[in-house]
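Novice:
Number of protein chains: 2
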Amino acid sequence: MKNVPFSDVRVTGGFWKQKQDLVRSVTINAVYDRFKESGRFDAFRFDPEGTGIRPHVFWDSDAAKWLESVAYLTAQQKDPALEAKADELIDEIAAHQAEDGYFNLYFQQIEPEKRFTDRGKHELYCLGHLIEAAVAYYKATGKKKLLDCVEKYTDFVYDLFVVRDGASFVTPGHEEIELALISLYRLTRNKKHLELCRFFLDERARHPDRDPGAARLGMKYNQSHLPVREQRTAVGHAVRACYLYSGMADFAKETGDKEMEEACRALFDDIVNTKLYITGGIGACHVGERFGAAYYLPNDTAYAETCAGISLAMFASRMQQFSSDVRLADTIERVYYNNVLSGLSQDGEGFFYVNPLELAPQAIKVMQENGQPVPRSRRPKIFSCSCCPPNITRMIPTFQQYAYTVSEDTVYVHQFLDSEATVAVGGRTVTLRQETDYPVSGKVKLTVKGYTGKLAVRVPSWSSEYAEEKKDGYLRFDVAGDAEISLDFKPAAELIAADPRVSDDCGRVAVCRGPVVYCLEEADNGPMLRDVRISADGIFAEGPSDEFGLPVLLTEGWRSESEGGLYRPYTGSLKKVPLRFIPYQAFANREEGEMVVWVLVKE
Amino acid sequence: MKNVPFSDVRVTGGFWKQKQDLVRSVTINAVYDRFKESGRFDAFRFDPEGTGIRPHVFWDSDAAKWLESVAYLTAQQKDPALEAKADELIDEIAAHQAEDGYFNLYFQQIEPEKRFTDRGKHELYCLGHLIEAAVAYYKATGKKKLLDCVEKYTDFVYDLFVVRDGASFVTPGHEEIELALISLYRLTRNKKHLELCRFFLDERARHPDRDPGAARLGMKYNQSHLPVREQRTAVGHAVRACYLYSGMADFAKETGDKEMEEACRALFDDIVNTKLYITGGIGACHVGERFGAAYYLPNDTAYAETCAGISLAMFASRMQQFSSDVRLADTIERVYYNNVLSGLSQDGEGFFYVNPLELAPQAIKVMQENGQPVPRSRRPKIFSCSCCPPNITRMIPTFQQYAYTVSEDTVYVHQFLDSEATVAVGGRTVTLRQETDYPVSGKVKLTVKGYTGKLAVRVPSWSSEYAEEKKDGYLRFDVAGDAEISLDFKPAAELIAADPRVSDDCGRVAVCRGPVVYCLEEADNGPMLRDVRISADGIFAEGPSDEFGLPVLLTEGWRSESEGGLYRPYTGSLKKVPLRFIPYQAFANREEGEMVVWVLVKE
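Residue numbers (the numbering used here), protein chains in the order written: chain A, 3 to 605; chain B, 3 to 605.
(1) Does any CB atom of chain A fall closer than 9 angstroms to the CB of B/Gln364?
(2) Among A/Thr190, A/Arg212, A/Glu307, which one has its Cα closest to the Cα of A/Ala243?
(3) Determine whether the Cβ of A/Asn275 lies closer than 9 angstroms to any Cβ atom of chain B.
(4) Do B/Lys141 and B/Leu189 have their C-beta atoms within less than 9 angstroms of each other?
(5) Between B/Pro462 and the rest of its own chain, which residues show a CB-CB distance below 6 angstroms, the 5 nearest in sequence each way excluded?
(6) What ranges does the alpha helix (DSSP H) occupy inside the stretch 139-170 of chain A, keeping only unbroken runs of at least 4 residues that lie completely in it?
(7) Closer than 8 angstroms by C-beta to A/Cys380: which residues in its own chain qualify, once you throw out the five before and the five after it? Chain order, please.
(8) Between the stretch 115-131 of chain B and the stretch 48-67 of chain B, do at least 3 Cβ pairs fall closer than 8 angstroms?
(9) By the 10 Å Cβ neighbour count, where 16 or more other Cβ atoms means buried, how is B/Gly144 classified, buried or exposed?
(10) Please list the terminal residues of the continuous alpha helix (DSSP H) segment that includes A/Pro174.
(11) Nearest CA to the CA of A/Thr454: which residue from A/Glu94, A/Pro114, A/Met3, A/Ala485?
(12) If you draw a straight line from the C-alpha of B/Thr407 to the C-alpha of A/Asp533, how long is it?
(13) Return the first residue and the last residue of the alpha helix (DSSP H) that B/Thr395 is part of.
(14) From B/Asn393, B/Ser443, B/Leu568, B/Glu180, pick the residue whose C-alpha is nearest to that of B/Ile133; which is it?
(15) Any residues in the stretch 494-513 of chain B with a beta carbon nearer than 7 angstroms to a beta carbon of chain A? Which ones, in chain order?
(16) Going by beta carbon distance, what residues of the same chain come within less than 6 angstroms of B/Thr235, once the five residues before and after it are set aside?
(17) Could you list the residues in the stretch 461-472 of chain A with a C-beta less than 9 angstroms from some C-beta on chain B, going in chain order?
(18) Who are A/Met597's beta bridge partners in DSSP?
(19) Using a Cβ cut-off of 9 angstroms (strictly closer), state whether A/Glu594 contacts chain B.
(20) Quick check: what's the CA-CA separation for A/Val237 versus B/Pro358?
(21) Out of B/Val165, B/Gln364, B/Val289, which has the shortest C-alpha to C-alpha gap to A/Pro300?
(22) Return no unless some Cβ of chain D is closer than 9 angstroms to the Cβ of A/Glu544.
(23) Over what stretch of residues does the beta strand (DSSP E) that includes B/Phe317 continue unbroken?
(24) Short of 7 angstroms in beta carbon distance, which residues of its chain neighbour B/Tyr468, apart from the five on each side in sequence? Order them along the chain.
(25) Does the distance from the C-beta atom of B/Ile312 to that of B/Val342 stay below 9 angstroms?
(26) Kindly say whether B/Arg625, judged by its beta-carbon, lies nearer than 9 angstroms to any beta-carbon of chain A.
(27) So, is the C-beta of B/Gln322 closer than 9 angstroms to a C-beta in chain A?
(28) Taking Cβ positions only, does B/His288 come closer than 9 angstroms to chain A?
(29) DSSP state of A/His239, grouped into three classes?
(30) With A/Phe418 and A/Val446 assumed to form a contact (beta carbons below 8 angstroms), what rounded beta-carbon distance in angstroms separates them?
(31) Just tell me which of A/Tyr74, A/Met530, A/Cys521, A/Ser505 has its CA closest to the CA of B/Ser505.
(32) Whose C-beta lies closer than 6 angstroms to the C-beta of B/Leu219 among residues of the same chain, with five residues either side of it excluded?
(33) Determine whether the beta carbon atoms of A/Phe542 and A/Ala588 lie at a separation below 9 angstroms.
(34) So the candidates are A/His209, A/Ala135, A/Gly103; which of them puts its Cα closest to the Cα of A/Tyr160?
(35) State the CB to CB distance for the pair B/Gly175 and B/Arg121, rounded to an integer number of angstroms; the pair is presumed to be in contact (CB under 8 angstroms).
(36) Are the CB atoms of B/Asp501 and A/Arg570 nearer to each other than 9 angstroms?
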């Protein structure tokens, strides 16, 4: 089973076209401008005295992800101005790469004597992102300069870590290079790239003396507590974890390593069964940006970093190389329509790093005074640790990468977006056309031309259509030549409950419509949203889609009486109120106020 | 209106006799032993080199509160062994008091040159507790030695602070001495004692340059943000706050200061209307042990320090010197039957400092890893900051101090306990006998002998009896000579709701029976208690009282199905389960596990 790359799928309209146009017209430049203002690009001039810029240890990765984003946008539609900016940056990298191949903004300019002495300082993570950018930029433009740089740097790293054992640590403190090396290997077929990946995976947790964890959170923080093949439980920093698992999955696919594949399956199961927010967010804890224990999924203090959601989708997508387990595509859908899209403001210029499932400005104020980490209630334009914005710019323009996989005899359709795909299957090239405004409606028309073989179309787990026909979550079609298939998954407002072990969600439901999680905001419904009850019947009317690109949901609910004193005999007396739910992905785009996803249900 | 002192009320049986007997037979000695082991008593030998004991700045107050407790116990029933220990301690104090009158374990032994240079170091707080102990011990035993010591020390403080302005700061960082000075003044009628109290009250917040707040929490932390007469909102450290408000109320009573009285009324209203847990706990925030904003009353992270509840009852009791506002007695009742009694284990040897309204050991573990302050799930025998245990030993044996007040023509009965009181009213001495097992039942038989005048008996706010007859919460009787009044307030299980602005309690109810708040524990009901629903009808059977001295409450409730995946379509399918509620005051006395006060209600 192989993923069909984003570049073989042209997005032609609908929901994702709008999001991608926003990133192309606004976000990619907004991120460039903020990075420019903050010195992230000028740091590549290697003139700390002149510019006064002291680069942070992860700035290379910010710029690299921006470059990678440009590659993805350029691959789909030329943009000479963007490409010129990218080339300029690449020229600086090439000009300042050390003789031996090393490249790092911080260590070359600030502490050159400390190269590869501190596992916590992100050098290999930065290289990973440079590799991803180089591979993407080469594929998009045919330009090899950055690819040459990263190959040279990778050779240096191979020699230093594998041949000479000459660094202070053995494996990266922040994983990412593992998956990047497979990506590089798939392009170069240079065995050293695969070997280096194997080395970083298999040496992990075998050198506790040299590979420290986090001071307070220990070896679990960066998944160094157990050899990766023995890991079964997702722990520690969520982005690191899923980047690692993605690398493990890629490696298993490339080498046929069943043990590694088995670990990946168990880790994926652990996440989706016990550690996943309904929005697709992962990493419940602010402290350590990490997974909590099973079922520890608080709403108001949820971390659910945008990058973590993205990393989970990356992991799930790589697991699709092994099977068409429908939970993989369901998870990608859950993550993208909620946790990832909530990471970007409606105007395309603001970003959430943390994506809470509940906002209560008054409580946040007290928690701030307490010194507790709290969510932001507005999307800033940049963060000092700004990994999320350029992850948004590289992932929204490539959502179509998750749409298809191909096995020997079957084309799988996992995600729905108005598009035209060119898919190589059974030695032939097939054109697949999707016409859909999904998820506004659930209507999908698939047109296949010149294909004789099998087609499997996912029935989203939220849909109650096709219950009889589907098998393992997919509808199977035998196509002979041309075919036209019209489906309708009929998204409608539905109440979703959580496992009762998720203590914050007890007695509450989330309102979903298709893959989209909804929420109540103060702007529509006034304050005290945790007091709102909705009916167990869950009867909703759909309001207009113009404000958020998706329909709002209207219903009647109840509130308790405000009057009566701090504590009063329970009367059950409630008053009816109209309620307006909006897509969670669009929360916090209006005036500041409360927000809740999980709403009380009147049973 | 005057409070009838505890010493004029003899507890003869019932609920409080049992609690008081436990303190007398176990707790007072357990606290002594733990304090002895920790060096708190040997520190009074003033031999830091010899003993190796480095006293903490608040150790004086721990010992003083133990002394005060001994006074209260001794006043009610001689105990030569206890009194000998107390005398020994007092001898040490007298022997080591400085020539000029100063006395402090820490500063005399460790940093003698730093006396009164740091507002945060509790010297005046310690003196306050020594004064309270001295007054109590003198009244109990007639022995003057400690009283002489504190009078001499108070003279020194008056001279230093009022006459010479010779300390680095102007008013105490931790209030307490204000109320102690009124207590001393009422005994000595020495105007300087009243003057010193006035000075500490009126100079508060007038010297921001010399009277610092807390580094992170500022001037509100110790109520130094506004002149006390202008304060209307309870802020900062809850114990400090209510000790201050108690001192203000005492001062207002003693001087007729209406402005001060008005501030006290507003502060009391603010607390009971917006910042009070249903258990009587105050101070929602661990950080700063302080009040949160209005309606910020989280259950799992509730601080609700035992001492804070006690301080609120002290404040309410002092407000009873102005009026028979029934909310005062109601609040004292709420605090004592829940927040205070939960501070002591069933065996009389363990103490809660923090009294949460919800325990979830699994979540606590994650929060601990997060470095968040979390409640303890077991009662330890001592704390490094051990203010609560000797507050328990001084307050439980004197609960009867809240039972009566007397105005010119009326005897008020506020609290119910099996007892015999001797009350001076209208120039005569009246005997009041209460026969009751309150709050096991609500039956109270009052027998008054030789009294012609008015009697006002509180109808507890939770009782729906006497709704027609009561006026401002009290039943009024004209007594001529002897009288016998039989009442029954009929406590029964009742569901209580909170103001919807208390976001943690939305959709939930607390089960109360009379003044006693109940809870569910895992030991009886299994885990996942936040998922339990009870019926809006609230039909309960009363189980036996033998285990907790109060009946358990039995009902049927519902739980949702555990199976079905992390997120599943809401079906409303629930299964019936038997539920056993126990008094909140008795939680965490069995195996460790979950506990909830606020339970979902099926509407």
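For every residue, glycine included, the Cβ atom is placed at its ideal position computed from N, Cα and C.
Specialist: On the basis of the supplied data:
(1) In the second sequence, residue 364 of chain B corresponds to position 362, counting from 1. At least one chain A Cβ lies under 9 angstroms of B/Gln364.
(2) For the purposes of this step, residue 243 of chain A is taken as the residue at position 241 of the first sequence. Looking at the Cα atoms, A/Glu307 is the closest of the given residues.
(3) Here residue 275 of chain A is taken as the residue at index 273 of the first sequence, counted from 1. Output row for A/Asn275: interface = yes.
(4) Counted from its first residue, the second sequence places residue 141 of chain B at position 139. Counted from its first residue, the second sequence places residue 189 of chain B at position 187. Yes, the Cβ-Cβ distance between B/Lys141 and B/Leu189 is below 9 angstroms.
(5) By one-based count along the second sequence, residue 462 of chain B stands at place 460. Cβ neighbours of B/Pro462 beyond the five flanking positions: Phe491.
(6) Here the runs fully enclosed are 147-159.
(7) Here residue 380 of chain A corresponds to residue number 378 of the first sequence, with the count starting at 1. The sequence shown places Arg at residue 380 of chain A, rather than the Cys named in the question. Hits under 8 angstroms: Gly352, Ala590, Glu594.
(8) Yes, the stretch 115-131 of chain B is in contact with the stretch 48-67 of chain B.
(9) Numbered from its first residue, the second sequence carries residue 144 of chain B at position 142. Counting C-beta atoms within 10 angstroms of its own C-beta, B/Gly144 has fewer than 16 neighbours from the protein chains shown and is therefore classed as exposed.
(10) Here residue 174 of chain A refers to the residue found at position 172 of the first sequence. Following the DSSP letters along the chain, one finds A/Pro174 in no alpha helix (DSSP H), marked with neither H nor E.
(11) In the first sequence, residue 454 of chain A corresponds to position 452, counting from 1. Selected option, being the one with the closest Cα: A/Ala485.
(12) As a working note, residue 407 of chain B is residue 405 in the second sequence. As a working note, residue 533 of chain A is residue 531 in the first sequence. Between the alpha carbons of B/Thr407 and A/Asp533 lies a distance of about 41 angstroms.
(13) By 1-based counting over the second sequence, the position of residue 395 of chain B is 393. Where B/Thr395 is concerned, the enclosing alpha helix (DSSP H) stretches over 390-397.
(14) By 1-based counting over the second sequence, the position of residue 133 of chain B is 131. Comparing Cα positions, the closest option is B/Glu180.
(15) Under the 7 angstroms Cβ criterion, the stretch 494-513 of chain B contributes Glu496, Leu497, Ile498, Ala499, Ala500, Asp501, Pro502, Arg503, Ser505, Cys508, Gly509, Val511.
(16) Counting from 1 along the second sequence, the entry for residue 235 of chain B is found at position 233. Correct list, in chain order: Asp272.
(17) So the close ones are Trp464, Ser466.
(18) Position 595 of the first sequence holds residue 597 of chain A. In the DSSP output, where bridge partners are listed per residue, A/Met597 has A/Leu361, A/Glu523.
(19) The sequence position of residue 594 of chain A within the first sequence is 592, counting from 1. The C-beta of A/Glu594 comes no closer than 9 angstroms to any C-beta of chain B.
(20) For this step, residue 237 of chain A is matched to residue 235 along the first sequence. For this step, residue 358 of chain B is matched to residue 356 along the second sequence. Their Cα atoms are separated by approximately 28 angstroms.
(21) If you number the first sequence from 1, residue 300 of chain A lands on position 298. Among B/Val165, B/Gln364, B/Val289, the Cα nearest to that of A/Pro300 belongs to B/Gln364.
(22) Any reference to chain D falls outside this structure, whose protein chains are A and B.
(23) In the second sequence, residue 317 of chain B corresponds to position 315, counting from 1. Careful: B/Phe317 lies outside any beta strand (DSSP E), inside the alpha helix (DSSP H) at 308-321.
(24) Here residue 468 of chain B is taken as the residue at index 466 of the second sequence, counted from 1. For B/Tyr468, where only same-chain residues beyond five positions count, the Cβ hits under 7 angstroms are Val461, Leu477.
(25) Here residue 312 of chain B corresponds to residue number 310 of the second sequence, with the count starting at 1. Here residue 342 of chain B corresponds to residue number 340 of the second sequence, with the count starting at 1. Contact: yes.
(26) Residue 625 of chain B falls outside the range modelled here, since chain B spans only 3 to 605, and no answer is possible.
(27) Position 320 of the second sequence, counting from 1, holds the residue named residue 322 of chain B. No, its Cβ sits nowhere closer than 9 angstroms to a Cβ of chain A.
(28) Counted from its first residue, the second sequence places residue 288 of chain B at position 286. Yes, because at least one Cβ of chain A sits closer than 9 angstroms to the Cβ of B/His288.
(29) What you label residue 239 of chain A is simply residue 237 of the first sequence in a count that begins at 1. Secondary structure at A/His239: strand, using DSSP grouped into helix, strand and coil.
(30) Stepping through the first sequence from its first residue, residue 418 of chain A is reached at position 416. Stepping through the first sequence from its first residue, residue 446 of chain A is reached at position 444. Right, the Cβ-Cβ distance comes to about 5 angstroms (below 8 angstroms), so this counts as a contact.
(31) Here residue 505 of chain B is taken as the residue at index 503 of the second sequence, counted from 1. Here the closest residue by C-alpha is A/Met530.
(32) As a working note, residue 219 of chain B is residue 217 in the second sequence. Around B/Leu219: Gly290.
(33) The residue you call residue 542 of chain A lines up with position 540 of the first sequence. The residue you call residue 588 of chain A lines up with position 586 of the first sequence. In this structure, A/Phe542 sits away from A/Ala588, with a CB-CB distance that is not shorter than 9 angstroms.
(34) As a first step, residue 160 of chain A is located in the first sequence; it is residue number 158 there, counting from the start. Considering only alpha carbons, the answer is A/Gly103.
(35) As a first step, residue 175 of chain B is located in the second sequence; it is residue number 173 there, counting from the start. As a first step, residue 121 of chain B is located in the second sequence; it is residue number 119 there, counting from the start. Yes, B/Gly175 and B/Arg121 are in contact; Cβ-Cβ is about 4 angstroms, under 8 angstroms.
(36) Within the second sequence, numbered from 1, the residue matching residue 501 of chain B stands at position 499. Within the first sequence, numbered from 1, the residue matching residue 570 of chain A stands at position 568. Yes, these two residues count as a Cβ contact at 9 angstroms.
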